[in-house]
Amino acid sequence: NESLKNRIKDLEALLEQEREWNHLAMQSKEEELRSLREESQKQLTEYQDLLGIKVALDMEIAAYRKLLEGEEARLNISQESAGGETVGRSTPVRRTPLRSTKRKRAYFESGEKSVSDSQVSASSKSDVEVHDHDSEGKYIKLYNKGSTEIPLGGWQLIRRAGEQETIYKFHRTTVIKSNSYITVWSSDAGASHNPPTDFVMKGQRWFVADNMSSVLLNNNGEEMAVRETSKKFHKSLEQRVLDTTSYPSEYAPEEIYHQQGDFKERCCIM
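Numbered according to my numbering, the sequence shown terminates at residue 259, and the numbering increases by one at each position without gaps.
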């Protein structure tokens, strides 16, 4: 009977652990989907901006082309009607607006974009688990998900970050109550020492790295819980519009001059 109870307890703990892992996996997927949606929206906005700039430039080019074609046609008619000497002159021609549009001026910036992706895994052999460890090294938080309090006297909490390691040993009277948290703070985190829920280390801090783990050992040195975090970095090429300015196309920035020449040209009609 006692063996069956222990078996049931182990199965319940395993089920709770699977639930936690599934929850973490769902959170990671949701973060990834949110990031992809934001990136897609950003690219769509940039595309719309570029499309607007392209349309404005196409309209301006078409207006210049029509203006030049009209001026060329006028000059040809003038030369043929003269039938003799044509003295070159410089004639200012103001741009005639086709309609009120706006000319945009865009400034672009290109560069590499670095995106980090964090992967978290956690496991425990008892009701006490490493619930959270701060990415900035401020704290490590334990949680007792069971229905009874568990003594932590002599237990050790170890942070491994790259080649660095921090070890904190719990006082022999430390107990974590059921459904409760215990937080162990770095000495420079600015937290207050308030047992039995908050403990501040003396002269020590939790080291951080791209790959780090927080391990809970019992007083026999057996690993009871662990939480691991690893970061992966991805680089991509990014181009974005820094600023755009616009002004109405009917107000051209300058007048256009067509130089007909300072020499004498004789036209012969055959």
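Using N, Cα and C, we set each Cβ at its ideal position, and we do this for glycine too.
Segment limits, beta strand (DSSP E) that includes residue i
i	result
Ala150	145 to 150
Leu131	128 to 133
Met201	200 to 206
Gln270	Nothing about residue 270 can be reported from this structure: the residues present for the chain run from -10 to 259 only.
Glu154	153 to 158
Asp177	No beta strand (DSSP E) holds Asp177; DSSP gives it neither H nor E.
Asp187	187 to 189
Glu265	In the structure as shown, the chain begins at -10 and stops at 259. Residue 265 is therefore absent and cannot be evaluated.
Three-state secondary structure (DSSP) of residue i
i	result
Val76	Because the pLDDT at Val76 is just 41, under 50, the model does not fix this residue reliably, and the point stays unresolved.
Asn168	coil
Asp38	helix
Ser261	Residue 261 lies beyond the residue range present for the chain, which begins at -10 and ends at 259; the question has no answer from this structure.
Lys221	strand
Glu7	helix
Asp106	strand
Ser(-8)	helix
Ser67	Bear in mind that the predicted position of Ser67 carries a pLDDT of just 47, short of 50, making it unreliable; the figure below should be weighed with that in mind. Helix at Ser67.
Arg54	helix
Gly212	Residue identity check: residue 212 is Glu in the sequence provided, not Gly. Glu212: strand per DSSP, three-state reduction.
Ser112	strand
Glu19	helix
Glu138	coil
Residue i versus residue j - alpha carbon distance
i	j	result
Met259	Arg63	Low confidence applies to Met259: its pLDDT is 35, below 50, so where it sits in the model is not reliable, and the reading given next is rough at best. Rounded to whole angstroms, Met259 to Arg63 spans 21 angstroms at the Cα level.
Gln32	Arg26	10 angstroms
Val204	Ser175	16 angstroms
Glu125	Gly41	43 angstroms
Asp177	Lys127	8 angstroms
His160	Ser(-8)	32 angstroms
Ser17	Glu1	24 angstroms
Val44	Asp38	10 angstroms
Leu3	His182	34 angstroms
Arg(-4)	Gly210	24 angstroms
Glu60	Ala52	12 angstroms
Asp47	Glu35	18 angstroms
Leu57	Ile50	11 angstroms
Lys(-6)	Met15	31 angstroms
Residue from the options whose Cα sits closest to the Cα of residue i
i	options	result
Ile147	His182, Ala14, Val119, Glu138	Val119
Ser202	Thr34, Trp10, His122	His122
Asn208	Ser124, Leu0, Gly143	Gly143
Glu212	Thr155, Ser112, Arg161	Ser112
Met194	Val44, Ser17, Gln16, Gly179	The question names Met, but residue 194 in the sequence shown is Arg. Here the closest residue by C-alpha is Gly179.
Gly222	Phe159, Thr162, Asp106, Lys158	Note that residue 222 corresponds to Phe in the displayed sequence, not to Gly. Answer by Cα proximity: Asp106.
Val189	Lys166, Lys130, Lys220, Glu19	Lys130
Thr162	Pro140, Thr155, Asn(-5), Lys(-6)	Pro140
Asn11	Lys(-2), Gln145, Val109, Thr186	Val109
Leu206	Lys220, Lys(-6), Gln145	Gln145
Lys166	Thr155, Thr186, Tyr157, Glu58	Thr186
Gly192	Ser29, Ile156, Gln6, Ala14	Ile156
Residue i Cβ short of 7 angstroms to the ligand ADP heavy atom set
i	result
Asp121	As for the ligand ADP, it is missing from this structure, which has no ligand bound.
The segment 206 to 218 / the segment 167 to 178 touching (three or more Cβ pairs under 8 angstroms): no
Within the chosen definition, does the segment 143 to 157 reach the segment 185 to 202 through at least 3 CB pairs nearer than 8 angstroms? yes
Mind the definition here: the segment 108 to 118 touches the segment 127 to 141 only if three or more C-beta pairs lie below 8 angstroms; say whether that holds. yes
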